[in-house]
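Visitor: Throughout, the numbering used here is defined as the position within the sequence shown, counted from one, plus 1433. C-beta: ideal position from N, C-alpha, C; glycine also. Since we're looking at a predicted model, the values are computed, not measured.
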Amino acid sequence: MSLVLDSSAALAWIYSDETTEPIRQVFELLSQSGAWVPGIWRLEIANILQMGVRRGRHNGDFRDTTLADLNQLPLQVDAETDRQAWGQTSGCAERHNLTLYEAAYLELAIRRNLPLATLDEDLRRAALSEKIRLLGK
């Protein structure tokens, strides 16, 4: 089984002080079956890591090593994310009071009929109401 991986779940794996057993299980599943991410995922992850450098959470070497490690994961970047933004994704955002960024993960999970790995509470609530299986918590 594949899954949709959001940035909150990925970051909980990256930062060892945030890693939980459910997150370890997500990454075990990911290593076996791969995962899908929306087209914004790499930008989100890189931005968060860059903000970590600016705020002194870690240095540039940690950011660069982490990005190189993440690049080795069996991830599929969804080419449809951009095309869905003004239609299905906007509808998901409106229906569930989400940001478009959060809704991109939900739309992808709905469209591909895959479980969603997220720690974001708003996104988890929305996924439950759409009957999407949740992972990571």
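1) Got a sec, what are the start and stop residues for the alpha helix (DSSP H) residue 1465 sits in?
2) For residue 1510, does the count of other Cβ atoms within 10 angstroms reach 16, so buried, or fall short, so exposed?
3) Could you tell me which residues DSSP pairs with residue 1509 in its beta bridges?
4) Identify, in the order they occur along the chain, each residue of the same chain with its Cβ nearer than 6 Å to the Cβ of residue 1441, setting aside the five sequence neighbours on each side.
5) Measure the alpha-carbon distance for residue 1456 versus residue 1525 and round it to whole angstroms.
6) Please classify residue 1561: does DSSP put it in a helix, a strand, or coil?
7) What is the DSSP secondary structure of residue 1552, reduced to helix, strand or coil?
8) Determine, using beta carbons only, whether residue 1535 and residue 1555 come nearer to each other than 8 Å.
9) Considering residue 1529, what are the terminal residues of the alpha helix (DSSP H) in which it resides?
Guide: If we stick to the structure as given:
1) Reading the sequence shown from its first residue, position 32 is the one you call residue 1465. Start and end: 1454-1466.
2) Numbered from its first residue, the sequence shown carries residue 1510 at position 77. Exposed is the call here.
3) Along the sequence shown, read from residue 1 onward, the residue named residue 1509 stands at position 76. 1469.
4) Mapped onto the sequence shown, residue 1441 falls at position 8. So the list reads 1551, 1552, 1553, once near-sequence residues are dropped.
5) The residue labelled residue 1456 in the question sits at position 23 within the sequence shown. The residue labelled residue 1525 in the question sits at position 92 within the sequence shown. Approximately 25 Å between the Cα atoms of the pair.
6) Against the sequence shown, residue 1561 aligns to sequence position 128. Here residue 1561 sits in helix by DSSP.
7) Counted from its first residue, the sequence shown places residue 1552 at position 119. It is coil, neither helix nor strand.
8) As a position in the sequence shown, residue 1535 is number 102, starting the count at 1. As a position in the sequence shown, residue 1555 is number 122, starting the count at 1. Taking 8 Å as the Cβ cut-off, residue 1535 and residue 1555 qualify as a contacting pair.
9) Walking along the sequence shown from the start, residue 1529 turns up at place 96. Note, residue 1529: alpha helix (DSSP H), 1523-1529.
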